[in-house]
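Shown next, in structure tokens, is the structure this report addresses.
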Amino acid sequence: MKHPEIEKRIKELLSKMTLEEKVGQLHQSGGSLVGAFDLTFEEIMTMVEDGRITEEEGRKMLSNAKHDWHEDDLRAGRIGSYLNVIGAEEMNRLQRIAVEETRLGIPLINGFDVIHGFRTIAPIPLAESCAWEPDLWQRTARMSAEEASAAGVHMTFSPMVDVSKDPRWGRIAESAGEDAMLNGLYGEAKVKGYQTNDLTRHDALAACVKHFAAYGAAEGGRDYNRVDMSPQRFEEEYLPSYERAVKAGARAVMPAFNDLSGVPCSVNKKLLTDILRKRWGFDGMTISDANAIAECINHGIAADRKDAARQALNAGMDVDMTSGCFLDHVKELVEAGEVSMDKLDEAVKNILRLKFELGLFVDPYRSNAEQEKAAILTPAHLALAREAAQKSMVLLKNDGLLPLKAGLRIGLAGKLAFERDEMCGTWAGNYQAGDCKSVQDGLDTEGISYQAVTEDHPLPDCDVFLCAIGERKAESGEAASRASLELTKEDIALLKRLKESGKPVVAVVFAGRPLCLGPAVECADAILMAWHPGAEAGPAILDILFGRVNPSAKLTASFPAATGQCPTLYYDHIHTGRPAGKFKYTSKYLDAPVEPLFPFGFGLSYTSYQYTDISAVQTEKGIHAEITVQNIGERDGNEIVQCFFRDPVAQRVRPVRKLAAFEKVALQPGESKRIAFDIPKAALGYYDQDMNFVIDDGLIEIHIGGNVRDTLQADVHFIQK
Ligand code: NOJ
């Protein structure tokens, strides 16, 4: 929201700026890396690509490198913001140059990927989404903001709200799964948590919603790949999550790497101007993804870097993250009239607005080393990381083995049970080795003895095996797409070996994505999907395994039965004319089931719940539905009640289920509660063939239950009044 006083100051400042100074504001520098070399990250990547150095050498160069922040450029007003400056003192030093040594003293913004924690790492977003708890999402964002802001960060490149229906895509780890509404709610909560309602607070971060738009629909689940879909599907399933996060007040938006129906998002005027600014009224800052403007040449849409700069700026891009195309070419583009001065001014205004809103002109040094030290890894943050991990882990199978009784002799198997640094998952902020606790650490701290299972020794004589399987952190996240989601041969062999012992087995699965867990279902008596759980991994896993915490998380993405199903039969798929059935000529596979192994919304508890008495009626505003849920087990629990609807006869085929609402409800043994949902009329709508938004009269089915497969149904004959 524009503030008149800020707009006045922007105008004054803009009138004093030279063309070069304006262009400087558009440039975000990632610095370059120096060691025995002086290269940018992108140059190292290219050297790995063309074989001049090995990947291992590239990684070593990156980790040994020191940053050169190009201070001469900064002094000359050629840098408007930085990417990845870490540490309050380092940031203050650079900020001092900007404020005291440049002609106009315009402060810098420092952006960093604080995705699920800065030093105190919370579970990866996909895991945290399984808590179905906006308040938790907001609190962990607040925690991240407190730590990162104290370390000199002003803006986080989060939340990512890319609806992700294909688990081959590594970045599903950063999303809230396959549902549009959940991604939107997740994004909204994160924006509120990072920004608070006062960006001038020293512990606030500006949020940058990404990756606009539909990055999660990359063809084949291959990162950076094309996205091509109908405008109807785009509006109904992919756009709403960005809209919700933007309308929650996010002050920055990052366009995606991919092209959308042939136009790369970085130069996509329809997205960056028509939808974002004109339709949604966004007046914050847009910032490209890293090097993405230059990559428009590879896309085959720009002839050269100058052409890429022209297209991006004219489409509505404000900041160029690291490619340098704006810095190198915008001046000549303006002078040649290929970009108007008004267009350039608009971009500069959007950047200055955020700097004013963050209070950086008044107070450019928002932290110091002492505050930084005090903010990180506090007991309160670690307690929150533990709570988030407990609420994110999904119990997928339990043949009565869990919770474990105290005093059992434990055999601890699988490398991941011993590796604390694998627990943080992808994009783990400023993670430092040893910040996370492994399962082994958890057992040690509690003084629970165990025997390690090793390949070359006979199995230890114990009462139960805890077996860690799954993915390492580098196997999910950006540029970590996979063509096979099956468990590794080693994991399967280990599970079989343990099963053959005749002793009960608990499989604890670490991963950044849904995996094909068939062999675990066969071999293990219980399966806990722990994801990459963050700082308090080990303690939180033991809280659940020993029953101190009753698991309550539910999947936000379907788990495939076989990789070839991907994209899985996600819960809001449509019916074909021949829905899967026993008959051969129906929509299915010859060699694998068509249904996912574990459906959306699924997750077990140590108690059980019974659903009865569903009802649904039309109201003035939409549909009112109710159901009774009773805890029929012997433990307190939290049940996530999910309300779906279906429009069975429509002008365009509609999903077989669409999540409309949910509630997490606490129930004591024997207790029952009546849960009510109000579905607004607009939620029932969709786009017809001509892109008119329509709501049909006629039957609407309401389905409510504890996961998408197990629901009760009530029908409403909906008539628009
Ligand atoms: C690339 C990623 O796609 C994006 O999510 C991230 O924010 C930027 N790099 C900056 O690190």
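Numbering-wise, my numbering puts 264 at position 267 of the sequence shown, and it's gapless, one number per residue. Virtual Cβ for every residue (Gly too), placed ideally from N, Cα, C. Computed from a predicted structure; not experimentally measured.
Between the stretch 541 to 551 and the stretch 378 to 389 there are three or more inter-stretch CB-CB distances shorter than 8 Å, so the stretches are counted as touching. For residue 252, the enclosing beta strand (DSSP E) starts and ends at 249 to 252. Taking C-alpha positions only, residue 462 is separated from residue 127 by approximately 26 Å. In the DSSP assignment, residue 151 falls outside any beta strand (DSSP E) and carries neither an H nor an E. If only complete runs of 4 or more residues are kept, the stretch 140 to 212 shows the alpha helix (DSSP H) at 177 to 192, in order along the chain. Residue range 122 to 126 is occupied by the alpha helix (DSSP H) that includes residue 126, with no beta strand (DSSP E) assigned at that position.
Less than 7 Å divides the Cβ of residue 511 from the Cβ of residue 554. A direct Cα-to-Cα measurement between residue 481 and residue 5 gives close to 56 Å.
Judged by DSSP in its simplified three-state form, residue 326 adopts helix.
Annotated three-state conformation of residue 243 is helix, per DSSP. What you get when you keep residues with a C-beta closer than 5 Å to any heavy atom of ligand 1 is 110, 154, 286 and 287.
One Cα belongs to residue 644, the other to residue 619, and the distance between them is close to 14 Å. Rounded to whole angstroms, residue 245 and residue 456 show a C-alpha spacing of 54 Å. With a beta-carbon spacing of about 4 Å, residue 496 and residue 520 fall inside the 8 Å limit used to define contacts. Membership of residue 640 in the beta strand (DSSP E) is indicated by the continuous run 634 to 643. Residue environment analysis places residue 371 among the exposed positions, since fewer than 16 neighbouring C-beta atoms fall within 10 angstroms of its C-beta. 7 Å or more divides the Cβ of residue 74 from the Cβ of residue 40. The distance from the Cβ of residue 122 to that of residue 106 is about 23 Å, inconsistent with a contact at the 8 Å cut-off.
Under the three-state reduction of DSSP, residue 42 is assigned to helix.
With fewer than 16 neighbouring CB atoms inside 10 Å of its own CB, residue 712 falls in the exposed class. Nearest in C-alpha terms to residue 87, of all of 135, 28, 337 and 102, is 28. Judged by beta-carbon spacing, residue 567 lies beyond the 7 Å limit of residue 54, meaning their Cβ atoms are not closer than that value.
Residue range 1 to 13 is occupied by the alpha helix (DSSP H) that includes residue 10. For residue 68, same chain residues with a beta-carbon under 7 Å away, outside a window of 5 residues either side, are 94 in chain order. Judged by DSSP secondary structure, residue 348 falls within the alpha helix (DSSP H) whose first and last residues are 338 to 354. Under the DSSP assignment, residue 64 falls in the beta strand (DSSP E) whose first and last residues are 63 to 65.
In the DSSP assignment, residue 378 falls within the unbroken alpha helix (DSSP H) covering 376 to 389. Note that the stretch 293 to 300 does not touch the stretch 45 to 53; fewer than 3 beta-carbon pairs, one per stretch, sit closer than 8 Å.
The C-alpha of residue 212 is placed about 8 Å away from the C-alpha of residue 221. Excluding sequence positions up to five before and after residue 368, its CB lies within less than 6 Å of the CB of 147, all in the same chain and listed in chain order.
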